[in-house]
Amino acid sequence: MSGDISLDPSLRQILKDSATEISTKLADRMRPLADSTRLLDVYEALTAMVYLTSSPSSLRFVTRKARMDSFVIGNWDYLGKSQTKEDMVESGFFYLMEEDHVKCFFCDLGLKDWDQGDHPEQEHVKFSPLCFFLKSSRGMERLRAMSERPPNYPTSYTRQDHNQLMKILGDELTSPQIDLVCRLGFSNTKVLLCIARKFIRFRQKYTRQELVVEMQKEWDREMADNPADPPHFNDKHDLAAVLREFYRHLGGRPPDHFESNQQQQQQQQQQQGNQTGRGTGSRCRQCNTRDVEIVCLPCGHLSLCMQCSRTARTCPAINCGQNADNFVRAFVS
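Going by the UniProt record's numbering, the residue at position 61 of the sequence shown is 61; the numbering climbs one at a time, nothing skipped.
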């Protein structure tokens with residue numbers, strides 16, 4: 001096959017819009033109510049339609065099978081590269097059958113001289129970050145993860161399940177944990193949707209600790225999509241107070257002497273500020289260089305910067321030292 005598909009421009013746009021909308025929503029909307037393998041085939045066909053109507057550079061290699069055939073026929077494995085043909089195909093590449101030259105079927109990016117440890121998708125992103133294939137492949141990954149669900153993953157949603165979910169949501173709506181999580185910047189609608197999604201997919205409920213961690217992940221996703229419009233907080237320390245209250249509702253045991261510890265911290269921070277010539281009330285308690293951004297859980301101390309939290313195992317706040325089970329980022333409005 002060569003050349004462009006002969007389609008009226010208006011028909012091409014209709015096909016593209018329809019296929020894009022369907023393929024984008026399919027993984028999230030279908031649920032595991034149909035056979036996952038068949039669902040994956042349908043989704044892949046729709047995705048191929050999106051690519052075909054979006055002017056790829058190499059129409060012949062739009063499908064995964066066509067790209068895989070190029071590596072099989074070209075005997076890619078014989079080269080002994082650390083990059084597998086499967087990884088190449090998933091990253092949009094087909095084999096040019098000349099040394100280790102590969103090319104993206106969509107953006108026409110060509111790469112060669114692959115070194116040990118080079119990852120096809122990472123190299124693709126590095127040299128062609130705007131490739132339409134890379135942007136549109138996220139939905140496929142979500143669906144593929146769905147198709148590989150564990151054996152105990154529910155395959156139907158019954159009236160009994162629905163009634164149970166309604167009861168769970170009714171109980172949660174009046175529970176203290178909803179109010180506490182909402183004070184972290186989320187609407188109760190989003191929290192309830194998060195709870196419902198967990199139940200529909202796994203027939204499981206969040207523990208309270210799992211819920212606050214999941215909402216933090218949701219927050220991170222929103223920040224990635226809308227970095228100029230972060231969730232609202234009046235003050236970093238308000239978040240720390242909310243989290244401490246949240247863990248009291250969990251039955252956790254924040255330090256009984258927290259208030260006195262807080263006063264000691266403020267006094268020591270003021271002394272350090274006088275010695276260094278700058279206030280350190282908002283400095284990381286571990287490196288004392290960067291601003292604090294991370295709250296340690298379950299103690300609730302706002303005491304770490306982002307970098308130090310990646311290696312921390314305990315809370316560095318004065319007179320604390322508790323093991324940190326989780327870390328939550330605090331944002332300033």
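For glycine and all other residues, C-beta sits at the position ideal for the given N, C-alpha and C.
For residue i, which option in the options has the closest C-alpha, if you only look at C-alpha atoms?
i: C320; options: S303, S309, R310 and T311; result: S303
i: E98; options: E86, A312, H301 and W114; result: W114
i: S91; options: T207, I318 and Q122; result: Q122
i: N323; options: M306, H301, Q307 and C305; result: H301
i: R203; options: I178, F127, Q164 and P120; result: Q164
i: F186; options: D108, C131 and K217; result: K217
i: D161; options: H124, P129 and K205; result: K205
i: V295; options: H124, Q307, P120 and C315; result: C315
Less than 8 Å between C-beta atoms, sequence neighbours within five positions excluded: which residues of the same chain meet that for residue i?
i: D325; result: Q209, L297 and P298
i: L169; result: L192, I195 and A196
i: G117; result: S82
i: L130; result: C107
i: S128; result: C104, C107, L109 and L134
i: F327; result: I294, V295, C296, L297, L304, S309 and A312
i: K198; result: Q204, K205, Y206 and E214
i: T174; result: none
Once the 5 residues before and after residue i are set aside, which same chain residues still bring their CB inside 7 Å of it?
i: V181; result: V191, L211, V212 and M215
i: P56; result: V62, F105 and F106
i: residue 337; result: There is simply no residue 337 to check, as the chain begins at 1 and stops at 333 in what is shown.
i: L79; result: D100
i: E172; result: I178, L192 and I195
i: R201; result: none
i: residue 341; result: The structure shown does not extend to residue 341, since the chain spans only 1 to 333, so no value can be given for it.
i: Q307; result: R290
i: K126; result: none
With H, G and I counted as helix, E and B as strand and the rest as coil, what does DSSP make of residue i?
i: K217; result: helix
i: K103; result: strand
i: R290; result: coil
i: V62; result: coil
i: Y95; result: strand
i: G170; result: helix
i: P316; result: coil
i: S187; result: coil
i: S309; result: helix
i: C182; result: helix
i: L304; result: strand
i: N75; result: coil
i: L111; result: strand
i: L192; result: helix
i: L297; result: strand
i: R285; result: coil
i: R201; result: helix
i: F327; result: strand
i: K81; result: coil
i: L130; result: coil
Less than 6 Å between C-beta atoms, sequence neighbours within five positions excluded: which residues of the same chain meet that for residue i?
i: V89; result: R64, R67 and M68
i: Y95; result: S70, F71, G74, W76 and V102
i: A317; result: R285, H301 and S303
i: R290; result: C284 and C305
i: residue 342; result: The requested residue 342 does not occur in the structure, where the chain is confined to residues 1 to 333.
i: D87; result: P120
Less than 8 Å between the CB atoms is what I'm expecting for residue i and residue j, so what's the real figure, rounded?
i: K85; j: D100; result: With 8 Å as the limit, K85 and D100 do not qualify as a contact, their Cβ atoms being about 12 Å apart.
Using beta carbons (cut-off 7 Å, strictly below), is residue i in contact with chain D?
i: K81; result: This model lacks chain D altogether, as it is built from one protein chain only.
Given the structure, does residue i come close to the ligand NAD, in the sense that its CB is under 6 Å from one of the ligand's heavy atoms?
i: E214; result: Questions concerning the ligand NAD fall outside what the structure shown contains, since it holds no ligand whatsoever.
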